[in-house]
Amino acid sequence: MPFILEKSTVVGGGLMGSQIALVLALGSKEVVLNSRRQETLDKAQASLERYVQDLARHDGLSGQSAETVLGRIRMSTSLEDAAGNSEFIVETITEDLEDKQALFKQLDDQMPPEIPLVSNTSGLPITQLGSLSKGKHRIAGSHFVQPAHIVPVMEVIKTEHTSEEIMDRTVTIWEGLGRTPLRVNQDIPGFLINRLQHAVIREAVALLASGIAGAEDIDQAFRLGLAPRFTTAGPLEQRDINGLSMHVKVATHLWKNLSSWEEPLAYLQELVARGNTGLESGKGYYDWKGRDAADIRGEKDEQLLRRTRQVMEDWNNEQRSR
Numbered sequence: 461m462p463f464i465l466e467k468s469t470v471v472g473g474g475l476m477g478s479q480i481a482l483v484l485a486l487g488s489k490e491v492v493l494n495s496r497r498q499e500t501l502d503k504a505q506a507s508l509e510r511y512v513q514d515l516a517r518h519d520g521l522s523g524q525s526a527e528t529v530l531g532r533i534r535m536s537t538s539l540e541d542a543a544g545n546s547e548f549i550v551e552t553i554t555e556d557l558e559d560k561q562a563l564f565k566q567l568d569d570q571m572p573p574e575i576p577l578v579s580n581t582s583g584l585p586i587t588q589l590g591s592l593s594k595g596k597h598r599i600a601g602s603h604f605v606q607p608a609h610i611v612p613v614m615e616v617i618k619t620e621h622t623s624e625e626i627m628d629r630t631v632t633i634w635e636g637l638g639r640t641p642l643r644v645n646q647d648i649p650g651f652l653i654n655r656l657q658h659a660v661i662r663e664a665v666a667l668l669a670s671g672i673a674g675a676e677d678i679d680q681a682f683r684l685g686l687a688p689r690f691t692t693a694g695p696l697e698q699r700d701i702n703g704l705s706m707h708v709k710v711a712t713h714l715w716k717n718l719s720s721w722e723e724p725l726a727y728l729q730e731l732v733a734r735g736n737t738g739l740e741s742g743k744g745y746y747d748w749k750g751r752d753a754a755d756i757r758g759e760k761d762e763q764l765l766r767r768t769r770q771v772m773e774d775w776n777n778e779q780r781s782r
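For the sequence shown, my numbering assigns the number 461 to the initial residue and increments by one for each residue that follows.
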């Protein structure tokens with residue numbers, strides 16, 4: 461893969477920051493991963509060594525060696541060092557609005573006006589992140605799906621201030637790094653992917669909370685029923701294929717009977733209040749007691765690597781045949 465960038469920067473050394481740094485390292489001569497704490501960077505380094513080996517096993521490094529890709533990433537606790545001479549900066553710090561606003565203002569003051577400043581936030585409005593910055597035109601969203609180094613699709617979000625030049629530049633960079641960027645033309649809550657994801661999850665929690673079905677049956681309905689079909693055609697394409705005449709009849713009856721948000725949210729809040737926070741606590745929607753969290757996540761990543769590769773091969777073949 462030719463170099464897309466001479467130098468790129470990720471500010472925030474947590475889970476997503478390290479994964480996005482690896483994506484950037486596929487086509488950047490140098491990537492600097494920045495965090496204020498050396499301890500965070502040490503953990504990120506250990507994670508990166510595991511991530512890059514995972515990708516190498518599945519031919520996910522664009523023909524490059526794991527050592528070469530990993531060698532392009534360096535760690536820094538200095539924001540000035542990390543951002544200096546960078547051509548592309550991705551923010552992945554904690555989801556705190558004031559912290560992000562202060563960071564974007566600092567970067568905006570420091571960096572030339574043509575350099576894109578993008579955020580991986582999944583829940584905060586991109587427009588608000590740049591509210592203290594003068595260069596609002598060069599601030600955009602670049603939201604990844606976790607794990608970012610495996611899932612190829614991601615979102616590029618435009619605010620009312622983001623210039624088309626910055627949007628085009630950001631999309632081009634991610635495409636050059638082997639990602640599939642989706643243009644989101646309005647800065648709405650949840651953007652595109654999370655709105656779709658949470659609509660499904662809300663209905664799943666409502667079905668669970670009401671006792672209509674158990675967690676395993678609900679998940680199997682999606683994993684073994686809907687998910688395989690959605691890898692061949694998305695929800696809108698699938699409806700076109702099946703026919704909109706039948707679709708409108710079903711929708712007229714069903715949509716008005718889908719869940720509201722109050723009941724499933726109350727159920728979820730009660731779970732968390734009891735300390736049932738999922739895998740790490742040993743119980744959430746499922747009982748995880750006695751199972752190792754790292755092993756489970758590793759198994760799921762391996763499954764995802766295999767299936768993502770096959771889905772992308774099928775997608776690319778479909779695009780070539782059009």
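Ideal Cβ placement from N, Cα and C applies to all residues, glycine included.
Worksheet item: What residue from 751, 583, 715, 616 has the CA that sits closest to residue 633's CA?
Response: The residue with the shortest Cα to Cα distance from residue 633 is 616.
Discussion item. On the criterion of 16 or more Cβ atoms from any shown chain inside 10 Å, does residue 528 qualify as buried, or is it exposed?
Written reply: Exposed, by the Cβ-count rule.
Worksheet entry | Assigned secondary structure, residue 494 (DSSP; H/G/I helix, E/B strand, else coil) | Here residue 494 sits in strand by DSSP.
Discussion item. Considering just the uninterrupted stretch of the beta strand (DSSP E) at residue 601, what are its terminal residues?
Written reply: Residues 599-604.
Practice prompt. Name the two residues that bound the continuous alpha helix (DSSP H) containing residue 529.
Written response: Residues 526-531.
Fill in: For residue 779 and residue 784, the rounded distance between their alpha carbons
Residue 784 lies beyond the stretch modelled for the chain, which goes from 461 to 782, so this question has no answer here.
Practice prompt. Please go through the same chain and pick out, in chain order, the residues whose beta-carbon is closer than 7 Å to the beta-carbon of residue 739, but skip the five residues on each side of it.
Written response: Only residues of its own chain outside the window of five on either side were considered, and among them 748, 753, 756 have a CB closer than 7 Å to the CB of residue 739, listed in chain order.
Discussion item. Just to check my reading of the structure: residue 772 and residue 608 have Cβ atoms closer than 8 Å, yes? What is that Cβ distance to the nearest angstrom?
Written reply: At roughly 15 Å, the Cβ-Cβ gap does not stay under 8 Å, so residue 772 and residue 608 are not in contact.
Fill in: The alpha helix (DSSP H) enclosing residue 771, as first and last residue numbers
From DSSP, the alpha helix (DSSP H) with residue 771 extends over 753-781.
Worksheet entry | Among 548, 591, 584, the one whose alpha carbon lies nearest that of residue 573 | Closest option to residue 573, judged by alpha-carbon separation, among 548, 591, 584: 548.
Worksheet entry | As assigned by DSSP and simplified to three states, the class of residue 616 | Correct three-state label for residue 616: strand.
Discussion item. Just to confirm the assignment, what range does the alpha helix (DSSP H) spanning residue 701 have?
Written reply: Its alpha helix (DSSP H) spans residues 695-702.
Discussion item. Using the three-state DSSP reduction, which class does residue 671 fall into: helix, strand or coil?
Written reply: Here residue 671 carries a coil assignment [DSSP, helix/strand/coil].
Discussion item. Quick check on the DSSP output: the beta strand (DSSP E) that includes residue 466 runs from which residue to which?
Written reply: For residue 466, the enclosing beta strand (DSSP E) starts and ends at 465-471.
Worksheet item: With which residues is residue 644 paired in a DSSP beta bridge?
Response: Looking at the DSSP assignment, residue 644 forms a beta bridge with 617.
Item to complete: Have a look at residue 651 and residue 677 and give me their C-alpha separation to the nearest angstrom.
Response: Each residue's alpha carbon lies about 29 Å from the other.
Worksheet entry | Boundaries of the beta strand (DSSP E) in which residue 549 is found, first to last residue | Where residue 549 is concerned, the enclosing beta strand (DSSP E) stretches over 549-551.
Fill in: Distance CB(residue 493)-CB(residue 470) smaller than 9 Å
It is a contact, given that the beta carbons lie within the stated cut-off.
Worksheet item: Quick one: is residue 711 buried, meaning 16 or more other Cβ sit within 10 Å of its Cβ, or exposed?
Response: Counting Cβ neighbours within 10 Å, residue 711 comes out exposed, since fewer than 16 surround it.
Worksheet item: DSSP beta-bridge partners for residue 738?
Response: DSSP, once it has assigned bridges, lists 743 as partnering residue 738.
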